[in-house]
Amino acid sequence: MKTIKKYLYQSLAIVMLCAIFSCESTLDLAPEDSYGSGNFWQNEAQVRGYVIGMHASLRGAYQFAFKLGEARGGTLIPSSGNFGTSLNWPSPIKDNDFTKDKTGISSWDGSYPRILDINLFIQKVTEECDFLSDADRKYYLAQAHGLRALQYFWLYKTYGGVPLISTPTLLEGTIDPVNLYTPRSTPAQTLKFIKEDVNKSEELFEGRYLKGDHSMWSLAATQMLKTDIYMWSAKVTTGDHPANKDDLKIAKSTLENIVGNFSLMDDFSKVFTEKNNKEVIFSLRFKEGESTNFMSEFIMADNQIYGLIRDRNGELVTEDILDKRGTGLLRHEYKWEIWDVFDKEDTRRDATFVDFYAKADSVFQGIVTIKNFGILNSTNQRIYEGDIHLYRYAEALLMMAEIENTLGNAVAPWINQVRERAYKDNYSDFKYTDSTFEDNEKAILRERDKEFITEGKRWHDLVRMQDANGQPLAFSADCNYRELGEPERYPVLNADERHKLLWPIDLTTMINDPKVEQTPGYE
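For the sequence shown, position 489 (counting from the first letter as 1) is numbered 489 according to full-length UniProt numbering, and the numbering increases by one without interruption.
Quick look at the structure:
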C-alpha cells in the first residue's frame, strides 16, 4: 500500500521524540532527536516522553470525533446557514450524499501515522528498554494498546474492515514496496483484532485505577472503550461480523467497573469549564499558548450579528452579547429543531445554544453553539482552549441504560441520573418512566442528543441503536431533525441506502494500493 508505505517511512524517519516536560505543559511537544541517531530508547524519561507524544498526536487530529462521529447525524445544516455563511463539510458528509467519487475524507482520515507510531512503541518497549521495571513496562504498554484499539475502532466504525498493521514493518527489514501493500481485512478480522488489543490493555493495567490527569490514557478509558466496542459488536452487523448479543454481557460487566467510581458534575456547563473534573474519563487536553480547538467555528462573526438580528427578548443586537471578543466564523450550524426539542427547564439548552430572531418580525432565525466556549484570558481575549471529551461519566450512565434496554431490564434509573442534573429543581416533573423497547431506545437517543452536542456521538448512535425490528435508527424518520421551514421529517438515511452506514474509500488510496478494495455498495 503506497499510502501506508509512505507513513511507514515517516515513522522510521520522524519518531515522536520528546524531552522531559512539566506536568503543566505535557502536550507542548517538539522533536528532541531522531530514531536513526541511536540516542533514543535509553531511559524511562524518553519512553514517558514518547507516550506523551502519542497523546499529542491524537490531540492534533481531534476533529476526527466530530467529523466521523457526528457531522453526518442529521442535526447539522448541510449547506447555507441561517446567518448567511457557507458551512464546512456540506456534501457528502452533512447531507450523506456519498458515492465512490464523493468520499468526504481520504487516506483513512490520516489514522495510520498515529497507529504506526504506536506499533513502534509497542515493539521497542516489549522487546527492549531493559531499564523499565516490569510494572512500568506493563503500564506504558497498557496505554499504547488502548490508544491503538481506540483508533482502529474508529476506523472500523467508519469503514468496516481495514488494513491491519500491528508491527513497524520497515524496521523488520521489509523493503520491497509490493510487500508493503496491505489489503483490507474483513470486518470480523478487524473487530477481533480490536477486541484483542483492548483486552490486552485491560490486562496490562492490572487493576490500577490511577486518578489524576484524565488527558492521559487510563484503565478507566480502556474500560469505557471496551464497553463501546462490545456494545457495537452486540448490536451492529458489519459484513461477515453478525451482531452477537452475548457481547452485551461483557459490555455490562466491564461498565460496572466505571459506575460509581466517577460522578456527574453538579452543573452541566462546568463539565467544559473546569479541566480534569470528576466527570471526565478521557479527554484531549487544550491549553492557551499550546493548542486550541475549533469551537470558534460554531459562532458567527460580528458582521453577522450587529444590527441584523434580535435576541430572545426582542432586543436588537448591537454589541458583543456572546462575549466572543472579535472571534467567530460560523462553519457548523445546528438545525432549529435540535434546539426546539429541549424543554425550557433543561439547563443544558442555554448552556449549549443561544437562539436569535429576525430583525424585521422577530421570527425565529437560528441558533449558535456556545458549549465548550473557552475562556477570557488575562488580556480579555477569547481563547478556545476547552478540552475535547471523548468519554465522560454521563455517557457511562446512558451506555448502561442502552445495555439494560437490550437485555430487557429497566432503563429509567440510568436516564434519570442524567436528567436530574439537567433539570435540577424541576427534575420531578421530567422523570422518565420505562416503556417499550423502541420507546426506551429512542428516549436514550434523545437524551444523548441533548447531552453530547459537539462531542462526536450522534452518527454512531444512529447506526448502533435500533427500532423494534432491529433496524438502525438512521432509517427512522422520527429520529431526525428538521431545518427551518422544512414541513416533513425524513430519515437520515433511506433503508435502501444501507451501504452508506459505512464510508467509501477514495480513489487515490485504491490507485496507490491495488490490494485495497472499495467498500461494498460503492463499486
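Where is the CB? At the ideal position from N, CA and C, for every residue including glycine.
Pick helix, strand or coil for residue i, following the three-state DSSP scheme.
i: Ser111; result: coil
i: Gln42; result: coil
i: Ile93; result: helix
i: Val492; result: coil
i: Ser37; result: Annotation note: pLDDT 40 at Ser37 (below 50); position unreliable, no value reported.
i: His241; result: strand
i: Ser218; result: coil
i: Ser166; result: coil
i: Leu316; result: strand
i: Ser86; result: strand
i: Gly49; result: helix
i: Thr182; result: coil
i: Arg54; result: The sequence shown places Met at residue 54, rather than the Arg named in the question. Looking at Met54 - three-state DSSP - the assignment turns out to be helix.
i: Val411; result: coil
i: Val271; result: helix
i: Leu501; result: helix
i: Leu507; result: helix
i: Ile175; result: In this prediction, Ile175 scores a pLDDT of 48, lower than 50, which makes its location untrustworthy; no coordinate-derived value is stated.
i: Leu150; result: helix
i: Lys102; result: coil
To which residues of the same chain is residue i closer than 6 Å at the C-beta, ignoring the five residues directly before and after it?
i: Ser263; result: Lys278
i: Tyr230; result: Asp247, Ile250 and Ala251
i: Ser269; result: Ala351
i: Pro92; result: Phe98, Lys102 and Gly104
i: Phe193; result: Leu164
i: Glu345; result: Tyr423 and Asn426
Kindly identify the DSSP beta-bridge partner or partners of residue i.
i: Pro472; result: Gln466
i: Lys358; result: Residue 358 is actually Ala in this sequence, not Lys. Answer is Ile309.
i: Lys287; result: Ser291
i: Leu376; result: Arg382
i: His389; result: Ser283
i: Leu76; result: Tyr334
i: Ile367; result: Asp355
Kindly list the residues whose CB is nearer than 7 Å to the CB of residue i, restricted to its own chain and excluding five residues on each side of it in sequence; keep chain order.
i: Lys200; result: His145
i: Gly110; result: Ala61
i: Tyr432; result: Ala412, Ile415, Asn416, Arg419 and Ala443
i: Leu322; result: Ile299, Val354 and Ile370
i: Asn377; result: Glu288 and Ile383
i: Ser106; result: Asp506, Thr508 and Thr509
i: Ile511; result: none
i: Ala221; result: Gly146, Ile281, Phe282 and Tyr391
i: Met399; result: Thr227, Met231 and Leu255
i: Lys500; result: Asn96, Phe98 and Leu493
i: Asp240; result: Thr186, Pro187 and Ala188
i: Asp461; result: Leu445 and Arg448
Apart from the five residues just before and just after residue i, which ones in its own chain have a Cβ nearer than 8 Å to its Cβ?
i: Glu128; result: Trp41
i: Ala410; result: Glu404 and Asp434
i: Gln63; result: Phe294
Applying the criterion that 16 or more other CB atoms from any shown protein chain within 10 Å of the CB defines a buried residue, is residue i buried or exposed?
i: Leu68; result: buried
i: Ala477; result: exposed
i: Leu27; result: Confidence is the limiting factor: at Leu27 the pLDDT is only 36, short of 50, which leaves the residue's position unreliable, though a coordinate-based value still follows. Buried, since its Cβ has 16 or more Cβ neighbours within 10 Å.
i: Asn303; result: exposed
i: Asn405; result: buried
i: Asp513; result: buried
i: Arg184; result: buried
i: Gly104; result: buried
i: Asp134; result: exposed
i: Glu402; result: buried
i: Tyr152; result: buried
i: Val516; result: buried
i: Pro520; result: exposed
i: Ile175; result: With a pLDDT of 48 at Ile175, under the threshold of 50, the modelled position of this residue cannot be trusted; read the value that follows with caution. Under this definition Ile175 is an exposed residue.
i: Gln381; result: exposed
i: Pro242; result: exposed
i: Glu196; result: exposed
i: Val341; result: exposed
i: Lys245; result: exposed
i: Ala468; result: exposed
How close, in whole Å, do the beta carbons of residue i and residue j come, if the pair is a contact with beta carbons under 8 Å?
i: Arg331; j: Leu484; result: No, Arg331 and Leu484 are not in contact; Cβ-Cβ is about 18 Å, not under 8 Å.
i: Phe131; j: Glu44; result: 6 Å
i: Ala358; j: Ile309; result: 7 Å
i: Arg448; j: Leu284; result: 20 Å between Cβ atoms; not a contact.
i: Thr75; j: Tyr393; result: So it is not a contact: roughly 23 Å between Cβ atoms.
i: Glu333; j: Ile118; result: The pair is not a contact, with the Cβ atoms about 36 Å apart (cut-off 8 Å).
i: Arg464; j: Trp89; result: With a Cβ gap of about 22 Å, Arg464 and Trp89 do not count as contacting.
i: Asp311; j: Phe356; result: 7 Å
i: Tyr112; j: Val47; result: Tyr112 to Val47, Cβ: 22 Å. No contact.
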